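Undergrad: Take any residue in the sequence shown, note its place counting from 1, add 4, and you have its number in my numbering.
Glycine is no exception: its CB is placed at the ideal position from the N, C-alpha and C atoms.
Computed from a predicted structure; not experimentally measured.
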Amino acid sequence: MDCLKPRWEPPKTDCDSVDRFLVDLGRVEDVCEAPAAHPEYERLKRFVCSGDVDAAADVPWNGVIAFAAYYLIFHKRDLETARKAIELLESRMLDGEEEVMLKMLQVAYKAAADPPCGSPELLKRYVEKVRSMPEPTERVGLLKTLVLMSLTGQINAEELKDKIERAFKKTRNHV
């Protein structure tokens, strides 16, 4: 029933491009195969798909870089580009929300770079470290849920859906 699927429309503005990119990170099988779109979308795609950190160097949306880093760590498993994304965030002036996101990503990166496969105790420490971090905003709560689900392998679809809906409802103007 392909006729019932919404037709893919290319984004028309920078903000629409960022929104589309975040949505595609979560639902497109491989964001690198997504059709050509708006120039901002293409910049973010070059960053994630080709490891071109320079493409994202002047992107003003730190939250997008944070979610892209999460995608790079756990889905694309490109730790080199993820490390560069984290370094990019570390070099910027971040607000409180972005600082917490960065700390979560640093823990996630450590866990992925040195997997605690044979050490349940080490995995537990990574999980507890992330769990103890504050959730000052819905976006931080969403990233925290995603990182915890990726670390533990435990997926609560209802909780994730709720966090996504709340995060995107409130962040439209802050992406």
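#1: So, for P120: in the same chain, excluding its five sequence neighbours on each side, which residues have a beta-carbon less than 6 Å away from its beta-carbon?
#2: Using the beta-carbon count (16 or more within 10 Å), is G67 buried or exposed?
#3: A60 and R47 look like a contact to me (Cβ under 8 Å); what is the Cβ gap, rounded to whole Å?
#4: At what residue ranges does the stretch 140 to 178 contain a whole run of the alpha helix (DSSP H), taking only runs of 4 or more?
#5: Any chance the stretch 131 to 141 sits against the stretch 104 to 120, with 3 or more Cβ pairs inside 8 Å?
#6: Beta carbon of V57, beta carbon of L92: below 8 Å?
#7: Quick check: what's the CA-CA separation for D28 versus P39?
#8: Drop a sphere of 10 angstroms on the beta-carbon of Q158, count the other beta-carbons inside from all chains shown, and report buried for 16 or more, exposed for fewer.
#9: Can you grab the Cα-Cα spacing for the pair E103 / N160, in whole Å?
#10: Roughly how far, in whole angstroms, is the beta-carbon of F71 from the beta-carbon of A116, given that I think they are within contact range, below 8 Å?
#11: Over the uninterrupted alpha helix (DSSP H) stretch that includes E46, give me the two end residues.
#12: Can you tell me where the alpha helix (DSSP H) with M105 in it begins and where it stops?
#13: Please go through the same chain and pick out, in chain order, the residues whose beta-carbon is closer than 7 Å to the beta-carbon of R50, but skip the five residues on each side of it.
TA: Taking the definition as stated:
#1: Locating residue 120 in the sequence shown gives position 116, counting from the first residue. The residues are L126 and L127.
#2: Here residue 67 refers to the residue found at position 63 when the sequence shown is read from its first residue. G67 is buried by the Cβ-count criterion.
#3: The residue given as residue 60 occupies position 56 in the sequence shown. The residue given as residue 47 occupies position 43 in the sequence shown. With 8 Å as the limit, A60 and R47 qualify as a contact, their Cβ atoms being about 7 Å apart.
#4: 142 to 156 and 161 to 175
#5: yes
#6: One-based indexing of the sequence shown puts residue 57 at position 53. One-based indexing of the sequence shown puts residue 92 at position 88. Going by C-beta atoms, V57 is nearer than 8 Å to L92.
#7: Taking the first residue of the sequence shown as 1, we reach residue 28 at position 24. Taking the first residue of the sequence shown as 1, we reach residue 39 at position 35. Cα to Cα, D28 sits roughly 11 Å from P39.
#8: As a first step, residue 158 is located in the sequence shown; it is residue number 154 there, counting from the start. Label assigned to Q158: exposed.
#9: In the sequence shown, the residue the question calls residue 103 occupies position 99. In the sequence shown, the residue the question calls residue 160 occupies position 156. If I take the Cα positions, the gap works out to 26 Å.
#10: Locating residue 71 in the sequence shown gives position 67, where the first residue counts as 1. Locating residue 116 in the sequence shown gives position 112, where the first residue counts as 1. Between A116 and F71 the Cβ distance is about 16 Å, and since that is not below 8 Å, they are no contact.
#11: Counting from 1 along the sequence shown, the entry for residue 46 is found at position 42. Its alpha helix (DSSP H) spans residues P43 to S54.
#12: Locating residue 105 in the sequence shown gives position 101, where the first residue counts as 1. Where M105 is concerned, the enclosing alpha helix (DSSP H) stretches over G100 to A117.
#13: Position 46 of the sequence shown, counted from the start, is the residue given in the question as residue 50. Closer than 7 Å at Cβ, skipping near neighbours: D56 and A59.
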